[in-house]
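This report refers to the structure that appears directly beneath it.
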Amino acid sequence: AWLLLGVGADVLDGIWSKDGGTERPWKWVAVRFVGPGTAPGPPMPAAGFVSRLRAGEPQHLLFYGTSLTSSSCSGFWVSYVCKALEEAVPGLVRHSNEAKESVSSGWALESLRERVVAAAPDALFLEFAVNDALLKYRLSPAACRRNICFILDCVRKELPRCECVLMTTNPCLHEHAEWRPRLPEYYQVYREVAWERGLLLVDLHSDWLRILVQDPTAFQGFVPDGLHPSSSGCASVVAPAVLAALGLPGVVGGGR
Numbered sequence: 001a002w003l004l005l006g007v008g009a010d011v012l013d014g015i016w017s018k019d020g021g022t023e024r025p026w027k028w029v030a031v032r033f034v035g036p037g038t039a040p041g042p043p044m045p046a047a048g049f050v051s052r053l054r055a056g057e058p059q060h061l062l063f064y065g066t067s068l069t070s071s072s073c074s075g076f077w078v079s080y081v082c083k084a085l086e087e088a089v090p091g092l093v094r095h096s097n098e099a100k101e102s103v104s105s106g107w108a109l110e111s112l113r114e115r116v117v118a119a120a121p122d123a124l125f126l127e128f129a130v131n132d133a134l135l136k137y138r139l140s141p142a143a144c145r146r147n148i149c150f151i152l153d154c155v156r157k158e159l160p161r162c163e164c165v166l167m168t169t170n171p172c173l174h175e176h177a178e179w180r181p182r183l184p185e186y187y188q189v190y191r192e193v194a195w196e197r198g199l200l201l202v203d204l205h206s207d208w209l210r211i212l213v214q215d216p217t218a219f220q221g222f223v224p225d226g227l228h229p230s231s232s233g234c235a236s237v238v239a240p241a242v243l244a245a246l247g248l249p250g251v252v253g254g255g256r
């Protein structure tokens, strides 16, 4: 496993290998090896809505996040995942994409009733950490935690049968990393909240870090602007990782 320590010239430049050496220098990225068994928390639960789909129950999935989920930006993976689910259980999957570009969890709180509660989904996918980390929003990791916990508490109260799925997204490069100097801390908030509450976590950050470490050229091809995965990145990395986390490894996303 690889853990992103930080970004920016004031942290470390380069990719740090298991034995402490530096290899494949890469501006704005620093990672280190974390041995097996060091991640806190219990194993993640299986996706309950997938079990309900298999039992023949129709399910409404709602995706709530940033430009990395928005259908007008990098949300290709949403349609790929939903197409794969539809092929697996025809006629049972409906989805809504309520993500928006350039928003933080502050916007998510303000828009929760209109965009989520009113839609009454059976499952809610949440990712706002990547923009909570943006310096311009002035949200600390503690504020990120308060906001996501408040969202989860509201959903539990208003929609007690709705299953919440937390997501981390990809690391950033270039100016997008400079603008998010503490991004790993915000992703860690989502991991910890998922572990504490027994929620399913789709930890895309770990999958993307593996690619960045092993093949930086491939990473740059999948994330050409340093922030937004392309359609091919969503088809090759994001959709398969989401499906695997949901308990559907080997199911092919619709973008391939």
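With UniProt numbering applied, the sequence shown corresponds to residues 1 to 256, in that order. Note that CB positions come from ideal geometry on N, CA and C, so glycine has one too.
Between the Cα of Val-165 and those of Cys-172, Pro-171, Val-155 and Leu-173, spot the shortest distance and give me the residue it belongs to.
The option with the nearest alpha carbon to Val-165 is Val-155.
Going by C-alpha distance, which of Gln-188, Leu-200 and Glu-178 is nearest Cys-162?
Leu-200
To which residues of the same chain is residue 257 closer than 6 Å at the C-beta, ignoring the five residues directly before and after it?
No answer is possible for residue 257: it lies beyond the span of the chain, which begins at 1 and ends at 256.
If Ser-124 and Val-116 are in contact, beta carbons under 8 Å, what's the gap, nearest whole angstrom?
Rather than Ser, the amino acid found at residue 124 in this sequence is Leu. At roughly 6 Å, the Cβ-Cβ gap stays under 8 Å, so Leu-124 and Val-116 are in contact.
Comparing the CB of Ile-211 with every heavy atom of the ligand NAD, is any distance shorter than 7 Å?
For the ligand NAD, the structure offers nothing, since it holds no ligand at all.
Let me make sure I understand the geometry here. Which of His-176, Ser-230, Gly-247 and Glu-127 has the alpha-carbon closest to that of Val-189?
Glu-127
Can you tell me whether Ser-96 is helix, strand or coil according to DSSP?
strand
Tell me the residue span of the alpha helix (DSSP H) that contains Val-242.
239 to 245
List the endpoints of the continuous beta strand (DSSP E) containing Gly-106.
From DSSP, Gly-106 is part of no beta strand (DSSP E) but of the alpha helix (DSSP H) over 105 to 115.
Flag this pair as yes or no: are the beta carbons of Ala-241 and Val-202 separated by less than 8 Å?
yes
Coarse secondary structure for Val-189, derived from DSSP in three states:
helix
Check each candidate in Ala-120, Gly-247 and Ser-105 and name the one with the smallest Cα separation from Leu-159.
Nearest C-alpha to Leu-159: Ala-120.
Measure from the alpha carbon of Pro-184 to the alpha carbon of each residue in Ala-88, Gly-198, Glu-196 and Trp-208, then state which is nearest.
Trp-208
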